[in-house]
Ligand code: ADP
């Protein structure tokens with residue numbers, strides 16, 4: 020089975036990585052798709068930067084591929100002929116949003132969304148929180164993977180508040 024894990028990943032966190040690792044064990048091929056979503060978040064990290072960060076984190080995972088897409092997730096899913104969508108669920112707010120997206124995506128295409136419950140170790144982590152911490156000069160160990168911490172901190176800590 021082939022799965023699509025779409026997201027913004029601005030920047031990738033330990034929570035994202037944990038979902039990718041668990042999802043990769045559930046399917047033959049996992050495509051992690053970085054959405055451009057220009058209206059949703061200030062694009063702190065460009066798509067190219069997010070792609071390079073995610074590629075660095077998944078370089079030893081043979082069945083994981085990193086791509087970018089624009090437009091609707093369902094169109095990307097159809098183009099790639101994936102079997103299902105995959106998303107992480109942290110809490111009730113995620114559920115409200117995800118329920119709406121999953122129902123609309125299924126109504127339009129019949130494609131199912133499979134949810135993985137966030138690990139309690141990381142369920143408090145979001146890219147927004149990570150950006151706020153680093154923009155204010157604090158390091159990100161324990162929030163994002165060590166392999167990308169220096170690069171992400173360097174970029175965020177130069178942003179003027
Ligand atoms: P989006 O803008 O599409 O929500 P995000 O990058 O914020 O993009 O999240 C992508 C996916 O990763 C979503 O399914 C989200 O619920 C999940 N996710 C984000 N952070 C975590 C975390 N700490 N633990 C588990 N899943 C997470």
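In this note's numbering, the protein residues as written are 20 to 180.
Cβ atoms here follow ideal geometry from the backbone N, Cα and C, with glycine treated the same way.
- Express the C-alpha separation of residue 69 and residue 77 in angstroms, rounding to a whole number. Going from the Cα of residue 77 to the Cα of residue 69 covers about 12 Å.
- Are there 16 or more other CB atoms within 10 angstroms of the CB of residue 29, so buried, or fewer, so exposed? buried
- If you draw a straight line from the alpha carbon of residue 123 to that of residue 94, how long is it in whole angstroms? 13 Å
- Check whether the Cβ of residue 69 lies closer than 7 Å to any heavy atom of the ligand ADP, and answer yes or no. no
- Count the other CB atoms within 10 Å of the CB of residue 166; is the residue buried (16 or more) or exposed (fewer)? exposed
- Message: Give me the DSSP bridge partner(s) of residue 160.
- Response: DSSP output for residue 160 lists 163 as bridge partner(s).
- Rounded to a whole number of angstroms, what is the C-alpha to C-alpha distance between residue 34 and residue 173? 21 Å
- Task: Would you give the residue range spanned by the beta strand (DSSP E) that residue 143 belongs to?
- Result: Where residue 143 is concerned, there is no enclosing beta strand (DSSP E), given that its DSSP letter is neither H nor E.
- Message: For the pair the region 144-158 and the region 111-122, tell me if three or more CB-CB distances fall below 8 Å.
- Response: no
- Query: Which value, in whole angstroms, describes the spacing of the CA atoms of residue 126 and residue 97?
  - Reply: Distance from the CA of residue 126 to the CA of residue 97, rounded to the nearest whole angstrom, comes to 14 Å.
- Query: If you draw a straight line from the alpha carbon of residue 46 to that of residue 88, how long is it in whole angstroms?
  - Reply: As the crow flies, the alpha-carbon of residue 46 is around 21 Å from that of residue 88.
- Message: Given this structure, state the Cα-to-Cα distance separating residue 106 from residue 136, to the nearest angstrom.
- Response: 9 Å
- Query: Between residue 145 and chain C, is there a C-beta pair that is closer than 8 Å?
  - Reply: The structure shown contains no chain C, having only a single protein chain.
- Identify whether residue 37 lies in helix, strand or coil by the three-state DSSP scheme. helix
- Task: With a 10 Å radius around its C-beta and 16 neighbouring C-beta atoms as the bar for buried, classify residue 178 as buried or exposed.
- Result: exposed
- Message: Between residue 99 and residue 51, how many whole angstroms is the CB-CB distance? I'm expecting something under 8 Å.
- Response: At roughly 12 Å, the Cβ-Cβ gap does not stay under 8 Å, so residue 99 and residue 51 are not in contact.
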